[in-house]
């Protein structure tokens, strides 16, 4: 044991060449294991077994050379890094799949053509793009003001009364509502108003607004709570009334966070399929009137492309994937725009 | 209220006779002021006369209610949920807690500087100074606004340090500069009284000196009340000093005595005051 003879506090670190050697040893061992068990080199087995072997080897070697504390540190670092990478795998896999399969039909036609009178190849998602814009836009128009004002009430006005506590717990419950329930609610509501079987874009946006509102309330609450109370008091002490304090001090200070919250809630509902399937239905052509007739959105088009393909089915599969890719791009655009807006509007002092 | 006689020491409580209304303008008189947080009585039976155009220091151990009392003087206390007061506070002879009195109007007359510098992060230095007008949507011509900015920043001894970067964010200044910016913001609305809640406790000695000399200049125009934990500071700047004490945790704080600062620090009439200012407790 080298470490025992060394003076306290002095650690000789592992030389840089040791760790790669350990990786190679671990991979060879894992390869041999894979060959013995599966009869061939199975890459997932090699990665998992190799990783575990490498972890154990590193710990043992590091413990002998550097002592217990360094060995534990190396192990913890490896485990945390591995789990972080593991969390990225499905994300990258989804992105890659959407990219590799969605680009085939990601052409101009996708944006200019509808599915009217299209059975096989050709056609586009124009009607679904417009549908998604109308439905999500109307949902935001309803949910953002209601959600923001509810959040402002809860943080700035409620003073912890009964109404506030009931509202907060109802918001928590609403966050957990399965989206299909929201869809069924909107469908049932509009069946009562417009007659049985009525489906419309507006019904879809009511369902989405139901899902969006609690998210907006929550994020507004969180963001307003981040505004230091000292700023409110500074404003009150200047003889500024409460409502002006809120509109001129509190909201401008929190505006970046509020915008991020809104864009998160839009991203959350823009890909909703189930409630729109029920409440807005499927149409093959552009429908600009949200109050009458069915209206297709991108996720619904993507779903039907796979659930009920025409002939040849590949054309529908490709359009479905393109619609999915377009949805991802849309969410990215929304995030980028809100980030830029947040940067522009951010309090000047907090760089 | 029962506890008042129970833990009693009645002679420690100032009587109304001690609190004669000041003759000059912009003086404050508190009469039988009980201050509550919900049902909890935090400060009891304060009777105090604050002389106009002078500096009054409030000293005492932590938790004795100095800041709470200070905040009740411009109705900032009631900003806290369920906080309330019982009693009278007269500003120029008018009760600020009287029926129909708008707290917003009171706060425009009685400005406040806080323990931690709190410039508005969304505003520049100039906008911070003008915040009292801008936030109240008062229309100002460009030149009038410039005049107020310069006058207030000069008044706060900050003009020379920031005159070339008035459009920069206020939070880019040092702590001491930020605090003087907050003072400039408070005097820009031309209040009658300035309340300062431990304005130097977050500042270094040099910034503290700057704020103290500023206070000495300001007292010719404003009535200043300062809460401080620093007894040297109270001795250096104030004309009169009130000593607050508390008999124990959960008990209300009260005013032990109030007198000329020299007397409080050299020959106080109460033993508790003497013990506190000589550092025997607190």
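Chains as they are written, first to last, in this note's numbering: chain C, 1 to 351; chain X, 1001 to 1282.
The C-beta atom is built at its ideal place from N, Cα and C for all residues, glycine as well.
All values derive from a computational prediction rather than experimental measurement.
With DSSP as the reference, please indicate the residues paired to residue i in a beta bridge.
i: residue 1057 of chain X; result: X:1226, X:1241
i: residue 1277 of chain X; result: The partner list for residue 1277 of chain X (beta bridge, DSSP) is empty, contrary to what the question assumes.
i: residue 1096 of chain X; result: According to DSSP, residue 1096 of chain X bridges with nothing at all.
i: residue 182 of chain C; result: Answer is none; residue 182 of chain C lacks a bridge partner.
i: residue 1169 of chain X; result: X:1124
i: residue 1037 of chain X; result: X:1040, X:1083
i: residue 80 of chain C; result: Paired residue(s): none; residue 80 of chain C is not in a bridge.
i: residue 1030 of chain X; result: X:1048, X:1089
i: residue 1196 of chain X; result: X:1113, X:1226
DSSP on residue i, reduced to helix/strand/coil?
i: residue 1212 of chain X; result: helix
i: residue 1065 of chain X; result: coil
i: residue 1250 of chain X; result: coil
i: residue 54 of chain C; result: helix
i: residue 289 of chain C; result: coil
i: residue 20 of chain C; result: helix
i: residue 1262 of chain X; result: helix
i: residue 1111 of chain X; result: strand
i: residue 1257 of chain X; result: strand
i: residue 1047 of chain X; result: strand
i: residue 1269 of chain X; result: coil
i: residue 91 of chain C; result: helix
i: residue 335 of chain C; result: helix
i: residue 229 of chain C; result: helix
i: residue 126 of chain C; result: helix
i: residue 276 of chain C; result: helix
Please classify residue i as buried or exposed, where buried requires at least 16 neighbouring CB atoms within 10 angstroms.
i: residue 87 of chain C; result: exposed
i: residue 1144 of chain X; result: exposed
i: residue 1076 of chain X; result: buried
i: residue 1269 of chain X; result: exposed
i: residue 1164 of chain X; result: exposed
i: residue 243 of chain C; result: exposed
i: residue 1177 of chain X; result: buried
i: residue 1192 of chain X; result: buried
i: residue 1040 of chain X; result: exposed
i: residue 982 of chain X; result: Chain X is shown only over 1001 to 1282; residue 982 of chain X falls outside these bounds and no answer can be derived.
i: residue 1114 of chain X; result: buried
i: residue 351 of chain C; result: In this predicted model, residue 351 of chain C has a pLDDT of only 38, less than 50, meaning its place in the structure is not dependable enough to derive any value.
i: residue 190 of chain C; result: buried
i: residue 176 of chain C; result: exposed
i: residue 1179 of chain X; result: buried
i: residue 1232 of chain X; result: exposed
i: residue 103 of chain C; result: exposed
i: residue 1117 of chain X; result: buried
i: residue 84 of chain C; result: exposed
i: residue 1250 of chain X; result: exposed
i: residue 140 of chain C; result: buried
i: residue 1016 of chain X; result: Low confidence applies here, because residue 1016 of chain X scores a pLDDT of 44, under 50, leaving its location unreliable and the question unanswered by this model.
i: residue 165 of chain C; result: exposed
i: residue 147 of chain C; result: buried
i: residue 56 of chain C; result: exposed
i: residue 1244 of chain X; result: buried
Assuming residue i and residue j are in contact, meaning their beta carbons sit under 8 Å apart, how far apart are those beta carbons, in whole angstroms?
i: residue 1168 of chain X; j: residue 1124 of chain X; result: 6 Å
i: residue 114 of chain C; j: residue 285 of chain C; result: 5 Å
i: residue 1170 of chain X; j: residue 1203 of chain X; result: Rounded, the Cβ-Cβ distance is 16 Å, inconsistent with contact.
i: residue 1188 of chain X; j: residue 1056 of chain X; result: About 23 Å separates the two Cβ atoms, so there is no contact after all.
i: residue 1081 of chain X; j: residue 159 of chain C; result: 4 Å
i: residue 1342 of chain X; j: residue 1223 of chain X; result: With chain X running from 1001 to 1282 in the structure shown, residue 1342 of chain X is simply not present.
i: residue 233 of chain C; j: residue 1079 of chain X; result: 7 Å
i: residue 241 of chain C; j: residue 1104 of chain X; result: 5 Å
i: residue 274 of chain C; j: residue 301 of chain C; result: Residue 274 of chain C to residue 301 of chain C, Cβ: 14 Å. No contact.
i: residue 157 of chain C; j: residue 1107 of chain X; result: Contact doesn't hold; Cβ gap of about 19 Å is too wide.
i: residue 207 of chain C; j: residue 279 of chain C; result: 5 Å
i: residue 1109 of chain X; j: residue 1091 of chain X; result: 7 Å
Open item on the list: Which residues of the segment 1133 to 1157 of chain X have a Cβ closer than 7 Å to any Cβ of chain C? Give them in chain order.
Closed with: Answer set for the segment 1133 to 1157 of chain X: 1135, 1136.
Task: Members of the segment 1069 to 1094 of chain X that neighbour chain B once the beta carbon cut-off is set at 8 Å - done: Protein chains in the displayed structure are C and X, and chain B is not among them.
Task: Contact set between the segment 1041 to 1057 of chain X and chain C, restricted to residues whose Cβ is under 7 Å from the partner - done: Going along the segment 1041 to 1057 of chain X in chain order, one finds no residue with a Cβ nearer than 7 Å to chain C.
- [ ] Note down, in chain order, all residues in the segment 1109 to 1121 of chain X with a beta-carbon under 7 Å from any beta-carbon belonging to chain C.
- [x] Flagged, chain order: 1111, 1112, 1114, 1116, 1118, 1120, 1121.
TODO: Give, in chain order, every residue of the segment 1185 to 1204 of chain X whose Cβ lies closer than 9 Å to some Cβ of chain C.
DONE: Across the segment 1185 to 1204 of chain X, CB contacts with chain C closer than 9 Å involve 1185, 1186, 1188, 1189, 1191, 1195, in sequence order along the chain.
TODO: Taking only beta carbons into account, state which residues of the segment 251 to 263 of chain C come closer than 8 Å to chain X, listed in chain order.
DONE: Answer in chain order: 252, 253.
TODO: Could you name the residues of the segment 225 to 255 of chain C whose beta carbon sits closer than 8 Å to any beta carbon of chain X, in the order they occur along the chain?
DONE: Identification of residues in the segment 225 to 255 of chain C having a C-beta nearer than 8 Å to some C-beta of chain X yields 228, 230, 231, 232, 233, 234, 235, 236, 237, 238, 239, 240, 241, 244, 245, 248, 249, 252, 253, given in sequence order.
- [ ] Mind checking the segment 159 to 172 of chain C against chain X and listing, in chain order, the residues whose C-beta falls within less than 7 Å of any C-beta there?
- [x] The segment 159 to 172 of chain C vs chain X, Cβ under 7 Å: 159, 160.
- [ ] Identify each residue in the segment 1170 to 1186 of chain X for which the Cβ-Cβ distance to at least one residue of chain C is less than 9 Å, and report them in chain order.
- [x] Listed by position along the chain: 1170, 1171, 1172, 1182, 1185, 1186.
Open item on the list: Give me the subset of the segment 1237 to 1262 of chain X whose CB atoms are less than 8 Å from a CB atom of chain C, sorted by chain position.
Closed with: So nothing in the stretch comes that close.
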